[in-house]
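Student:
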Amino acid sequence: MTLEEMTAQVAKNAPDQAIWLGWSLGGLVASQMALTHPERVQALVTVASSPCFSAREGWPGIKPEILGGFQQQLSDDFQRTVERFLALQTLGTETARQDARTLKSVVLAQPMPDVEVLNGGTGNLKNGRSTRSA
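Using this note's numbering, the first residue of the sequence shown is number 283, and each one after it goes up by one.
(1) Quick one: Cα of residue 291 to Cα of residue 311, how far?
(2) What residue does the alpha helix (DSSP H) around residue 318 start on, and which one ends it?
(3) Quick check: what's the CA-CA separation for residue 354 versus residue 343?
(4) What residue ranges within the stretch 364-411 form continuous alpha helix (DSSP H) runs of no fewer than 4 residues, ordered along the chain?
(5) Exposed or buried, what is residue 390 when buried is set at 16 or more other beta-carbons lying within 10 Å of its beta-carbon?
(6) If you run the structure through DSSP and keep just helix, strand and coil, what is residue 289?
(7) Could you give the DSSP three-state label for residue 336: helix, strand or coil?
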């Protein structure tokens, strides 16, 4: 699913007016919503997000090969990759180990998403960017 398709799907189920808050890839979707449907966005808040996650000429970001490697790791060892991703979310906190354990117990208690859905999301981080012309 492309960024545009994700945004369209979310727009179908969203209220006519809302304050949009998105974390990481969700921030990319919220930003795209603000660009394509500004009349529906009262305010936009993004957390740990960027209009473009992948490094490009003149734009800092994550090296595309790192995001590609993450996609491969999801295919190779889904559970371990998800656990490593969750641990990364707590880096730098004073209680990182405990925070990671708490986050892991909360997230892993939920039904796990399909690996192809996660790969698609990672592909959007790698290739997508919120643009008015997208």
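Note that CB positions come from ideal geometry on N, CA and C, so glycine has one too.
Tutor: From the atom records:
(1) 10 Å
(2) 307-318
(3) 19 Å
(4) 378-390 and 397-409
(5) exposed
(6) helix
(7) strand
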